[in-house]
Amino acid sequence: RLAALTRNLLALLKDRREASVDAAQCVADQVRTLVKENRGHELVGIMYRDPYLALLQIVEETESDLRRRGVLSEWTGLIDSVRGDLKEVTNYRSRRLVQESLALPPTHFSLLLTTSGMTLLSFCLA
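Numbering (this note's numbering), first residue to last: 72 to 197.
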C-alpha cells in the first residue's frame, strides 16, 4: 500500500518539486523506520513528527494551491485516492503496533520469575 501511496503522491506533486521531495522524504523515513527501528523508536517518532500527518499536510497544501489556481476538479480523484491510501496505511500501522505490543519478549518473563523468586526467598529468610 505504501508503494501505491508513493506513486499517487508523486503524480499529484509532479508540478511542485519541493513538496514532492518532502513527500518522498516522509515515505523514506517511514520505510527506514519499518526496516531498522523498533516499536519504541517508531512511537517516539510519531509523537515528534508523524510522517503520515506530514504527508496529509502536503496534500492539503497542494489541494488549496490547486483550488486557488482553479484546477482542483481535475485532481479531485487523485487527491481522494491519496487520502484513502493515507488512511489505509495509518490503519495498518495502528494494527501492527497493537499486535507488536501484545507479545512480551521471553526476557520479561525470566526477569519476572527471577524477581519473584528473590522476593519469596527474602521473605522466607526474614
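The beta-carbon is built from N, C-alpha and C at its ideal position, and this holds for glycine as well. These numbers were taken from a predicted model, which means no experiment stands behind them.
Which of the three DSSP states, helix, strand or coil, is assigned to GLY141?
-> coil
Do the CB positions of PRO122 and ASP100 come within less than 8 Å of each other?
-> yes
Of the choices LEU105, ALA197 and LEU149, whose alpha-carbon is the least far from that of ARG78?
-> LEU149
Can you list, in chain order, the residues of its chain whose CB lies under 6 Å from that of LEU137, leaving out five sequence neighbours each side?
-> LEU143 and TRP146
At which residues does the alpha helix (DSSP H) containing ALA82 begin and terminate?
-> 73 to 83
In chain order, what residues of the same chain have a beta carbon less than 7 Å from the beta carbon of THR133, not counting five sequence neighbours either side?
-> LEU83, LEU84, ARG87 and ALA90
Is the CB-CB distance between ALA74 and LEU126 below 8 Å?
-> no
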